[in-house]
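> Below you will find the structure I want to go over with you.
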Amino acid sequence: MELAALLENLNAEAEHDGVQQLVVGAVVQHDGKVLLLQRPEDDFMGGIFELPSGKVEAGEALDTALIREVKEESGLDVAAIRDYLGSFDYTSGSGKKSRQFNFAVDVTAPEPIELQEHDAYAWTVLTDEPPVTDAVKDVLSKYREVRGV
Numbered sequence: 001m002e003l004a005a006l007l008e009n010l011n012a013e014a015e016h017d018g019v020q021q022l023v024v025g026a027v028v029q030h031d032g033k034v035l036l037l038q039r040p041e042d043d044f045m046g047g048i049f050e051l052p053s054g055k056v057e058a059g060e061a062l063d064t065a066l067i068r069e070v071k072e073e074s075g076l077d078v079a080a081i082r083d084y085l086g087s088f089d090y091t092s093g094s095g096k097k098s099r100q101f102n103f104a105v106d107v108t109a110p111e112p113i114e115l116q117e118h119d120a121y122a123w124t125v126l127t128d129e130p131p132v133t134d135a136v137k138d139v140l141s142k143y144r145e146v147r148g149v
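Shown next, in the form of structure tokens:
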């Protein structure tokens, strides 16, 4: 399925399921490692590592939001959106039913990382047990499957 049709289907499913907040997440890989960002200690789910991710603005396309969020959270530029890696639902800090759509992306260059909203970052080898939620572990597992890593 082409990306535009996939994104349209994902939006329709979320609306049908009563999702109130759409979120996009990116598996940014470089040299066999993926980029994880550490949430600030005083924030919702503080201290945990996560994928570069963020809310989709009203009227914004999922792919546009993905490119924007990767840039805002890491300073990196997305060169290509590769694979859709599934979604997971959760309740946001403000109590909204949220769905995070996850994609594998390539970036033009892996440096410099410029953090705006996070305390730290790590390039993590996929054979390690990353310090992330089970939902993100599932996304990384799907990434390994799709990429044959």
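Following the numbering used here, the residues of the sequence shown are numbered contiguously, the last one being 149. Ideal Cβ placement from N, Cα and C applies to all residues, glycine included.
#1: Pull up the CB-CB distance for residue 3 and residue 26, whole angstroms please, since I reckon it's below 8 Å.
#2: I'd like the list of long-range same chain contacts for residue 120, defined as Cβ closer than 6 Å, with 5 residues on each side in sequence excluded.
#3: Would you identify the three-state DSSP class for residue 12, choosing helix, strand or coil?
#4: Fully enclosed by the stretch 73-118, which beta strand (DSSP E) runs are 3 residues long or longer?
#5: So, helix, strand or coil for residue 149, using DSSP?
#6: Which partner residues of residue 124 appear in the DSSP bridge assignment?
#7: Tell me where the beta strand (DSSP E) around residue 54 begins and ends.
A quick look at the data gives this:
#1: Here the question's residue 3 lines up with position 3 in the sequence shown. Here the question's residue 26 lines up with position 26 in the sequence shown. The Cβ separation is near 14 Å, so there is no contact.
#2: Along the sequence shown, read from residue 1 onward, the residue named residue 120 stands at position 120. Closer than 6 Å at the Cβ level, and outside the excluded window around residue 120, lie 38.
#3: One-based indexing of the sequence shown puts residue 12 at position 12. Looking at residue 12 - three-state DSSP - the assignment turns out to be helix.
#4: 78-91 and 97-107
#5: The residue given as residue 149 occupies position 149 in the sequence shown. Coil, per DSSP.
#6: Position 124 of the sequence shown, counting from 1, holds the residue named residue 124. Partner(s): 34.
#7: In the sequence shown, residue 54 corresponds to position 54, counting from 1. Here the beta strand (DSSP E) through residue 54 covers 53-55.
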